[in-house]
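Numbering (our numbering), first residue to last: 2 to 85.
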């Protein structure tokens, strides 16, 4: 995922009991999961809201049950477009 200023959101590395494991931030556009989404395809004027959640604060409807506790260790970004 790439931001407006060219910054990229990349996979983060979280340590676990058995060492390092890959964890990817999940992105949703208008409630639908998107993969390899480029934010540059959206104009700022088209945006209604952006929500950013970390770990257990991800709303259940956007949480992938990654571990037995149902916690998404990485988080999610929810992007909402204007409905004019």
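Quick reminder that beta carbons are idealized off the backbone N, C-alpha and C, glycines included.
Could you name the residues of the same chain whose beta carbon sits closer than 6 Å to that of residue 54, not counting the 5 residues immediately before and after it, in chain order? Closer than 6 Å at Cβ, skipping near neighbours: 76, 77.
Cα-Cα separation between residue 61 and residue 50, rounded to whole angstroms: Taking the CA atoms as reference points, residue 61 sits about 19 Å from residue 50.
Where the beta strand (DSSP E) through residue 52 begins and ends: Taken as a continuous stretch (DSSP letters only), the beta strand (DSSP E) holding residue 52 covers 48–54.
Supposed contact pair residue 48 and residue 83 - C-beta distance, whole angstroms, cut 8 Å: With 8 Å as the limit, residue 83 and residue 48 qualify as a contact, their Cβ atoms being about 7 Å apart.
Using 10 angstroms around the beta-carbon of residue 34, count the other beta-carbons present and answer buried if the total reaches 16, otherwise exposed. By the Cβ neighbour-count rule, residue 34 is exposed, with fewer than 16 other Cβ atoms within 10 Å of its own.
Where the beta strand (DSSP E) containing residue 27 begins and where it ends: 27–30 is the span of the beta strand (DSSP E), which, as asked, contains residue 27.
Per DSSP, what kind of secondary structure is residue 1 in: helix, strand or coil? In the structure as shown, the chain starts at 2 and stops at 85, and residue 1 therefore has no counterpart that could be examined.
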